[in-house]
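Those letters in the sequence shown? Residues -19 to -1, 1 to 280, by mature numbering (1 follows the signal peptide of the UniProt record, and there is no 0).
Glycine included, each C-beta is placed from N, C-alpha and C at the ideal position.
Read through the structure below, which is laid out as C-alpha cells, and then see the notes.
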Amino acid sequence: MRGKRIRLVTGLATALALALTGCGGGGGDQLGGGGTEVTVDQNAQFEPGTTMANLKQQGTIRIGTKFDQPLFGLKGLDGKPQGFDVEIGKIIAGRLGIAPDRIEWVEAPSKTREEIIEQGRVDMVVATYTINDARKQRISFAGPYYEAGQDIMVRSDDNRITGPESLRPTGAKVCSVTGSTPAEEIKKYVDEANLVLFDVYSKCADALRTGQVQAVTTDNVILLGLVEQSGGQFKLVEKPFTSEPYGIGIKKGDVKFCEFINQALTQASQDGSYAKAWQATAGKVAKQTPPLPQLDPCS
Ligand code: GLU
C-alpha cells in the first residue's frame, strides 16, 4: 500500500515537473498556461504621434513581465513566458495590430519595474504589479485588470503559522522580494532580522524547501502557483490581508496610452477574451473566473 502511494505521488511529481519544463507535450497543461489565440487588429488606426501609432508603425512592442511566476508569467524552454499577465500583454498588443510573435518579452523582477519604464527599456509592464501612490510618483498605471491579496505560504506540515499574527510569536523567518509591496507590509508583523529578501519569488520557494525560512509572503495568486509547483510540499494559509490591484505600468503621464489600454481591457472583458485568458492560465488552479475590476481614471 505504502509503496503504491509513494509511486503515485512520484508519478504526480514527475507529471508536474514535465509540465513545468514544457516536455509533457500538452502545452495547455503547463503551469504558465498554454495561452490563447488573440485577435490581431490589422486595421487599427491611431492619432499620429501617440505611443499607439509609434508602436503600430514599429510593428513590435517590448513588454516587461515575470519569468519565474507560474500561472502569471513563467518562462518556458522555448524562451517564451506564459501566464495570465502574458495573455493580458498579448491582448493589448493585438489591439495595436501586433501579433504575439512580434512581442519582445523582458524579465521585470519587482524592484526593477519603475526603472525599466522610466528608462524606456520597455513599452509597458504587466507583472503582478500593484497600483499604489508611491509608484505613481514615477510611472502611470492602466487598469486594474485583477485584484489579488497578500497571503502566506508555509510547508504543508506546518500548523503553527496560521496568519500574519503568528509570524512573530513563532519566530519564523519570512521570505519576500525586494521592491514588492508585501515585503513592506510584512514589516508590521516580523522583526527585520527575520525578514529575508531575494530578487525573485522562486528563490523564496527554494529557501522554504530547504528550511532556511519558514514562510513566504506575497500575493495569494503568486503563492498559489508556487504551491501548485511544489508537488504537495507547500500550502497557503489562505488569510489574505491586503488588497493588491494589478495595473499595467507605462511611462508617467501617457494618458492616451492608458486610455487605450483601458479600452482594450474593457473590450476583452466584453468579448470573452479576458475570461478565456484566465481559464487558459491562472484558472487552471483558481477556477473562479474573476470579473474585470472597475478601471481607474487615467492621469
Ligand atoms: N503585487 C505586489 C507588488 O507589485 C507583489 C508581487 C510582485 O512583487 O510582483 O509588489
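Specify the secondary structure class of residue i as computed by DSSP and reduced to three states.
i: residue 185; result: helix
i: residue 202; result: helix
i: residue 6; result: Any answer about residue 6 is weak, because its pLDDT of 30 lies below 50 and its placement is not dependable; what the coordinates show is given next. Coil, per DSSP.
i: residue 323; result: Absent from the model: residue 323. The displayed extent of the chain is -19 to 280, so no value can be given.
i: residue 129; result: strand
i: residue 281; result: The question about residue 281 has no answer, for the chain in this structure spans -19 to 280.
i: residue 217; result: strand
i: residue 266; result: coil
i: residue 239; result: helix
i: residue 255; result: helix
i: residue 208; result: helix
i: residue 36; result: helix
i: residue 279; result: coil
i: residue 190; result: helix
i: residue 224; result: coil
i: residue 174; result: helix
i: residue 271; result: coil
i: residue 158; result: strand
i: residue 149; result: helix
i: residue 196; result: strand
i: residue 42; result: strand
Return yes when at least one heavy atom of the ligand GLU lies under 6 Å from the C-beta of residue i, else no.
i: residue 150; result: no
i: residue 158; result: yes
i: residue 88; result: no
i: residue 91; result: yes
i: residue 143; result: no
i: residue 225; result: yes
i: residue 163; result: yes
i: residue 127; result: no
i: residue 66; result: no
i: residue 200; result: yes
i: residue 170; result: no
i: residue 110; result: yes
Using CA atoms only, rank isn't needed, just tell me which of the options is closest to residue i.
i: residue 239; options: 197, 126, 133 and 86; result: 126
i: residue 166; options: 113, 212, 139 and 17; result: 113
i: residue 84; options: 21, 31 and 160; result: 21
i: residue 281; options: 211, 170 and 128; result: With the chain covering -19 to 280 only, the question about residue 281 has no answer from this structure.
i: residue 31; options: 44, 97, 48 and 104; result: 104
i: residue 263; options: 278, 209, 235 and 173; result: 209
i: residue 267; options: 39, 29, 64 and 44; result: 64
i: residue 193; options: 168, 249, 176 and 23; result: 176
i: residue 273; options: 132, 124 and 191; result: 124
i: residue 277; options: 38, 229, 57 and 47; result: 229
i: residue 71; options: 38, 106 and 97; result: 106
i: residue 36; options: 79, 56 and 68; result: 79
i: residue 118; options: 57, 249, 253 and 234; result: 234
i: residue 81; options: 88, 43 and 251; result: 43
i: residue 187; options: 170, 247, 215 and 169; result: 215
i: residue 257; options: 69, 34, 24 and 59; result: 69
i: residue 246; options: 190, 73, 207 and 130; result: 73
i: residue 153; options: 159, 172 and 138; result: 172
Would the C-beta of residue i count as close to the ligand FAD, meaning under 6 Å from any of its heavy atoms?
i: residue 93; result: The ligand FAD is absent from the structure shown, which contains only the ligand GLU.
inquiry  = Please give me, in chain order, every unbroken run of the beta strand (DSSP E) with length at least 3 that falls completely inside the region 88 to 125.
reply    = none
Give the list of continuous alpha helix (DSSP H) stretches no shorter than 4 residues that lie fully inside the region 50 to 88. 65 to 76
Would you say the region 197 to 212 touches the region 150 to 170, given that touching needs at least three Cβ pairs under 8 Å? yes
Tell me, please, whether the region 90 to 106 touches the region 50 to 59 by the rule of three or more beta-carbon pairs shorter than 8 Å. no
### Message
Quick test of the definition: if touching needs 3 or more C-beta pairs under 8 Å, does the region 140 to 157 touch the region 257 to 274?
### Response
no
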